[in-house]
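Trainee: To start, I am sharing the structure in question, which I have written as structure tokens.
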Amino acid sequence: MLTSIDLFAGAGGLSLGLELAGFRTLLAIEYDPSAARTYEYNFPDAEIVCRDIREVSSSEIKKLLEDSAASLDLVAGGPPCPGFSNMGRSKILSLVREGMWEGSEIRHQFIQDERNRLFMEFVRIVRDTKPRAFLLENVKGMRSSKVLDDDGNPLGIVDVILDEFRNVGYSNTEMHAFDAADYGVPQHRQRVFFFGTLDGRETDLSPDIVRRRPTSMDAISDLPAVSYDDGRAVTNKAASSSNRYQRLMQFGLYKDHERPDPSTGSPPQRKGELTCTTGRAVNQRDTHIFPLLQNSEDGTVVVYGDLDPDSIDFGPAWRYMPRKKKLVCRSKAKKNRPGTTEYKWYDPYKYPDKMRRIPPHRPSYTIVAHLAKDGYMFVHPNHDVHRTITPREAARLQSFPDHFDFSAGGSVPMSEQFRQIGNAVPPLLAMEIGKQIKEILL
Numbered sequence: 000m001l002t003s004i005d006l007f008a009g010a011g012g013l014s015l016g017l018e019l020a021g022f023r024t025l026l027a028i029e030y031d032p033s034a035a036r037t038y039e040y041n042f043p044d045a046e047i048v049c050r051d052i053r054e055v056s057s058s059e060i061k062k063l064l065e066d067s068a069a070s071l072d073l074v075a076g077g078p079p080c081p082g083f084s085n086m087g088r089s090k091i092l093s094l095v096r097e098g099m100w101e102g103s104e105i106r107h108q109f110i111q112d113e114r115n116r117l118f119m120e121f122v123r124i125v126r127d128t129k130p131r132a133f134l135l136e137n138v139k140g141m142r143s144s145k146v147l148d149d150d151g152n153p154l155g156i157v158d159v160i161l162d163e164f165r166n167v168g169y170s171n172t173e174m175h176a177f178d179a180a181d182y183g184v185p186q187h188r189q190r191v192f193f194f195g196t197l198d199g200r201e202t203d204l205s206p207d208i209v210r211r212r213p214t215s216m217d218a219i220s221d222l223p224a225v226s227y228d229d230g231r232a233v234t235n236k237a238a239s240s241s242n243r244y245q246r247l248m249q250f251g252l253y254k255d256h257e258r259p260d261p262s263t264g265s266p267p268q269r270k271g272e273l274t275c276t277t278g279r280a281v282n283q284r285d286t287h288i289f290p291l292l293q294n295s296e297d298g299t300v301v302v303y304g305d306l307d308p309d310s311i312d313f314g315p316a317w318r319y320m321p322r323k324k325k326l327v328c329r330s331k332a333k334k335n336r337p338g339t340t341e342y343k344w345y346d347p348y349k350y351p352d353k354m355r356r357i358p359p360h361r362p363s364y365t366i367v368a369h370l371a372k373d374g375y376m377f378v379h380p381n382h383d384v385h386r387t388i389t390p391r392e393a394a395r396l397q398s399f400p401d402h403f404d405f406s407a408g409g410s411v412p413m414s415e416q417f418r419q420i421g422n423a424v425p426p427l428l429a430m431e432i433g434k435q436i437k438e439i440l441l
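The opening position of the sequence shown corresponds to residue 0 in numbering that gives the first Met the number 0, with each subsequent residue numbered one higher.
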């Protein structure tokens with residue numbers, strides 16, 4: 000079996016996908032204790048180091064790899080996007096072309112830029128561990144938004160990133176861009192992957208695109224109803240699967256790959272009890288707003304910016320104060336004394352998409368870590384359901400199987416579950432890329 004280590008591992012989306020493709024994760028490094036706890040729970044056989052990667056020496060990593068008595072095939076991970084805003088593209092590319100980038104002052108400035116430190120840590124570990132290949136994942140904007148030319152216009156700097164890896168021995172390194180929806184994930188998520196090999200093998204990654212993209216309702220329609228009052232699911236079981244994607248998520252992906260459920264230690268043979276099904280309660284203001292949000296197959300779309308509070312029938316207990324941008328609701332306070340509850344009305348010109356419904360008939364919008372703060376941009380795709388999505392529903396849209404527990408047995412709070420899910424690499428996308436890498440390396 001091929002081996003890998005996962006840097007900036009998060010909860011383990013990239014590790015899971017690579018495992019399903021045939022890799023064994025020897026080591027994972029993750030700074031955030033909550034994400035490391037989730038990773039450790041779901042990957043009990045992997046070594047997890049919960050520390051700042053800048054404090055983990057190459058010799059320590061080598062020692063951990065020696066203890067595993069296995070050679071290293073792949074270093075993978077997704078460091079934060081580097082910053083290039085203080086450097087001119089034309090000067091950088093000139094240095095790269097002339098072979099003078101390595102010792103230049105501008106490269107020194109690049110390395111010293113705090114935003115680039117973690118990216119350079121990834122390069123350091125690749126350089127010092129010399130895996131047969133590496134895979135670096137990042138946001139699509141990495142290609143173009145972090146470099147300014149001499150006139151202050153943003154331009155891509157892929158050449159510089161490629162050159163850093165070529166300088167440490169990976170002469171055959173290429174960048175690839177993928178949308179997760181093309182590979183069976185019910186969500187549009189555009190990401191770039193830098194892939195390089197040490198021995199000059201091909202670096203073309205071209206996974207097969209699915210014939211039909213699963214929709215958001217394909218992904219979550221079998222999950223249980225949730226109370227608007229307290230956000231709790233009415234049951235801990237999914238309904239019978241109605242499509243292939245639901246079967247994969249309920250138990251099929253783990254069963255087909257003989258992956259143990261961390262709570263039982265053995266591969267599931269059928270759907271089990273669901274975790275991470277508690278979402279957010281719906282407040283009095285939102286009970287009036289959510290039913291108005293639309294995203295229909297006929298093209299009808301209504302988002303927060305389309306709503307006028309003066310035209311919404313909130314009822315006699317409500318009053319809109321436009322100057323203060325507040326909704327005030329008279330209600331009963333303690334001991335039946337009259338009180339008021341104030342809700343903010345966000346400026347629709349600044350926040351037109353503050354609240355929106357996930358399209359039911361196509362893949363979801365990109366799941367983001369902001370879900371840890373609120374879920375207003377992810378109102379349930381079913382037009383008869385007026386609440387934001389739960390962590391389990393978000394995990395389904397990211398292609399995490401139901402047996403992957405973001406609560407780590409109940410020890411990780413809901414906000415952190417959302418953050419980890421939003422930051423993750425979709426496992427199905429990682430699996431398809433991993434299969435390609437496996438074919439190249441074997």
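Beta carbons: idealized from backbone N, C-alpha and C, even for Gly.
Exposed or buried, which one is residue 316 when buried takes at least 16 other CB atoms within 10 Å?
Mentor: Locating residue 316 in the sequence shown gives position 317, where the first residue counts as 1. Classification for residue 316: exposed.
Trainee: Using 10 angstroms around the beta-carbon of residue 379, count the other beta-carbons present and answer buried if the total reaches 16, otherwise exposed.
Mentor: For this step, residue 379 is matched to residue 380 along the sequence shown. Buried, because 16 or more other Cβ atoms sit within 10 Å of the Cβ of residue 379.
Trainee: Would residue 420 and residue 219 qualify as a contact pair, given that the criterion is a beta-carbon distance under 9 Å?
Mentor: Locating residue 420 in the sequence shown gives position 421, counting from the first residue. Locating residue 219 in the sequence shown gives position 220, counting from the first residue. Cβ distance not < 9 Å, so residue 420 and residue 219 don't count as in contact.
Trainee: Between residue 375 and residue 284, is the Cβ-Cβ spacing less than 9 Å?
Mentor: As a working note, residue 375 is residue 376 in the sequence shown. As a working note, residue 284 is residue 285 in the sequence shown. The answer is no: Cβ separation not under 9 Å.
Trainee: Name the DSSP bridge partner or partners of residue 365?
Mentor: The residue labelled residue 365 in the question sits at position 366 within the sequence shown. None; residue 365 has no bridge partner.
Trainee: Could you compute how far the alpha carbon of residue 72 sits from the alpha carbon of residue 279?
Mentor: As a first step, residue 72 is located in the sequence shown; it is residue number 73 there, counting from the start. As a first step, residue 279 is located in the sequence shown; it is residue number 280 there, counting from the start. So the alpha carbons of these two residues sit roughly 42 Å apart.
Trainee: Have a look at 2, 33, 6 and flag the residue whose alpha-carbon is nearest the alpha-carbon of residue 411.
Mentor: Sequence index remark: in the sequence shown, residue 411 carries index 412 (1-based). The shortest C-alpha separation from residue 411 is found at 33.
Trainee: For the 8 Å Cβ check, are there 3 or more pairs between the region 199 to 210 and the region 256 to 273?
Mentor: Because the criterion of three Cβ pairs below 8 Å is not met, the region 199 to 210 and the region 256 to 273 do not touch.
Trainee: Evaluate contact between the region 284 to 296 and the region 234 to 241, counting only Cβ atoms and requiring at least three cross-stretch pairs below 8 Å.
Mentor: These segments do not touch.
Trainee: DSSP state of residue 54, grouped into three classes?
Mentor: The residue given as residue 54 occupies position 55 in the sequence shown. Of the three classes helix, strand and coil, the one that applies to residue 54 here is helix, per DSSP.
Trainee: Have a look at the DSSP bridge pairing and note the partners of residue 171.
Mentor: As a position in the sequence shown, residue 171 is number 172, starting the count at 1. In the DSSP output, where bridge partners are listed per residue, residue 171 has 196.
Trainee: Can you tell me whether DSSP reads residue 28 as helix, strand or coil?
Mentor: Within the sequence shown, residue 28 is the residue found at index 29, counting from 1. Of the three classes helix, strand and coil, the one that applies to residue 28 here is strand, per DSSP.
Trainee: Taking the alpha carbon of residue 31 as the reference point, which residue from 416, 231, 120, 202 has its own alpha carbon closest?
Mentor: If you number the sequence shown from 1, residue 31 lands on position 32. Measuring from the Cα of residue 31, the nearest candidate turns out to be 416.
Trainee: Tell me the residue span of the alpha helix (DSSP H) that contains residue 414.
Mentor: On the sequence shown, position 415 is the one that residue 414 refers to. Here the alpha helix (DSSP H) through residue 414 covers 413 to 422.
Trainee: May I ask you to report which of helix, strand or coil DSSP gives residue 122?
Mentor: Taking the sequence shown and counting its residues from 1, one reaches residue 122 at position 123. Residue state, collapsed to three classes: helix.
Trainee: What residue does the alpha helix (DSSP H) around residue 430 start on, and which one ends it?
Mentor: Position 431 of the sequence shown holds residue 430. Note, residue 430: alpha helix (DSSP H), 426 to 440.
Trainee: With residue 302 and residue 352 assumed to form a contact (beta carbons below 8 Å), what rounded beta-carbon distance in angstroms separates them?
Mentor: For this step, residue 302 is matched to residue 303 along the sequence shown. For this step, residue 352 is matched to residue 353 along the sequence shown. With 8 Å as the limit, residue 302 and residue 352 qualify as a contact, their Cβ atoms being about 5 Å apart.
Trainee: Could you pull out every residue in the same chain whose Cβ sits closer than 6 Å to the Cβ of residue 398, ignoring the five residues on either side in sequence?
Mentor: Taking the sequence shown and counting its residues from 1, one reaches residue 398 at position 399. So the qualifying residues of the chain are 184, 425, 426, 427.
Trainee: What does the alpha-carbon distance come out to for the pair residue 86 and residue 363?
Mentor: By 1-based counting over the sequence shown, the position of residue 86 is 87. By 1-based counting over the sequence shown, the position of residue 363 is 364. Any answer about residue 86 is weak, because its pLDDT of 48 lies below 50 and its placement is not dependable; what the coordinates show is given next. Those two C-alpha atoms are separated by around 36 Å.
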